[in-house]
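A.B. asks:
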Amino acid sequence: MTDRTTLALEDFLPYRLTRLTDAISRDFSQAYRARLGLTRPEWRTLATIGQFGTMTATEVGAHSSMHKTKVSRAVASLETRRWLVRTPDPQDRRVERLTLSKTGQKAYEDMVPVARSFETGLLERMTLEERAALLAGLAALERTTLTE
Numbered sequence: 000m001t002d003r004t005t006l007a008l009e010d011f012l013p014y015r016l017t018r019l020t021d022a023i024s025r026d027f028s029q030a031y032r033a034r035l036g037l038t039r040p041e042w043r044t045l046a047t048i049g050q051f052g053t054m055t056a057t058e059v060g061a062h063s064s065m066h067k068t069k070v071s072r073a074v075a076s077l078e079t080r081r082w083l084v085r086t087p088d089p090q091d092r093r094v095e096r097l098t099l100s101k102t103g104q105k106a107y108e109d110m111v112p113v114a115r116s117f118e119t120g121l122l123e124r125m126t127l128e129e130r131a132a133l134l135a136g137l138a139a140l141e142r143t144t145l146t147e
C-alpha cells in the first residue's frame with residue numbers, strides 16, 4: 000500500500016500509457032522495418048503524406064507529433080530512396096511541398112494492409128466491451144488533452 004507521498008510509477012497513468020505506446024510501436028516497427036527498412040520517423044512521414052497527399056514538412060510534423068528535426072531527416076532519407084519528391088511552393092519559395100513518388104506511393108499502399116492487420120490483431124485480443132471502452136477512453140483523453 001502506498002501513501003500520498005509515494006508515487007507508484009506502475010500505476011501512474013502517463014507512465015502506463017508511455018510504456019504501452021513504446022511496446023506497441025516497437026512491435027509494429029518490426030513489420031515496417033522488415034518490409035521496408037524504415038525508421039519510426041520515416042514510417043510516420045510516409046504514412047502521413049500517403050494519407051493526405053501533398054504536404055509541407057511543418058504539416059507532417061504537426062500531424063504526426065514529430066519534432067522538425069526528425070521530420071527533416073525522414074524527408075531526406077525518403078528523398079534519397081526516391082520515395083518522396085520536394086517541389087518549391089509557387090507562392091513562397093521558402094516552403095517545399097512534399098509528395099510521394101510512384102515508388103513511395105506503392106510502398107505506402109503495400110503497408111496499409113499490414114498496418115490494418117496489426118491494429119486488428121491488437122483489438123481482437125480484447126472483448127467487444129473492452130474494445131469499446133478502450134476506444135471511448137482514448138477519444139475522451141484526446142478530446143480533453145490534445146490541443147490543435
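Using numbering that gives the first Met the number 0, you'd call the opening residue of the sequence shown number 0 and step up by one each time. Every residue, glycine too, gets a C-beta built ideally from N, C-alpha and C.
Quick one: grab the DSSP three-state call for residue 96.
C.D. replies: In the sequence shown, the residue the question calls residue 96 occupies position 97. Note: residue 96 maps to strand in three-state DSSP.
A.B. asks: Mind checking residue 125: buried by the 16 CB within 10 Å criterion, or exposed?
C.D. replies: On the sequence shown, position 126 is the one that residue 125 refers to. Residue 125 is exposed by the Cβ-count criterion.
A.B. asks: Is the distance from the Cβ of residue 53 to the Cβ of residue 5 below 7 Å?
C.D. replies: Numbered from 1 along the sequence shown, position 54 holds the residue referred to as residue 53. Numbered from 1 along the sequence shown, position 6 holds the residue referred to as residue 5. Not in contact: residue 53 and residue 5 (Cβ atoms no closer than 7 Å).
A.B. asks: Going by beta carbon distance, what residues of the same chain come within less than 7 Å of residue 87, once the five residues before and after it are set aside?
C.D. replies: In the sequence shown, counting from the first residue as 1, residue 87 sits at position 88. So the list reads 95, once near-sequence residues are dropped.
A.B. asks: Is the separation between the beta-carbon of residue 60 and that of residue 70 shorter than 7 Å?
C.D. replies: Along the sequence shown, one-based indexing puts residue 60 at 61. Along the sequence shown, one-based indexing puts residue 70 at 71. In this structure, residue 60 lies near residue 70, with their beta-carbon atoms less than 7 Å apart.
A.B. asks: When you compare the CB positions of residue 49 and residue 82, do they come within less than 7 Å of one another, or not?
C.D. replies: Numbered from its first residue, the sequence shown carries residue 49 at position 50. Numbered from its first residue, the sequence shown carries residue 82 at position 83. The answer is no: Cβ separation not under 7 Å.
A.B. asks: From what residue to what residue does the beta strand (DSSP E) around residue 83 run?
C.D. replies: By 1-based counting over the sequence shown, the position of residue 83 is 84. Residues 83-87.
A.B. asks: Using C-beta distances below 7 Å, list every residue in its chain close to residue 76, excluding the 5 sequence neighbours before and after it, in chain order.
C.D. replies: Indexing the sequence shown from 1 puts residue 76 at position 77. Only 41 meet the Cβ criterion.
A.B. asks: Reducing DSSP to helix, strand and coil, say where residue 54 ends up.
C.D. replies: If you number the sequence shown from 1, residue 54 lands on position 55. Reduced to three states, the DSSP call for residue 54 is strand.
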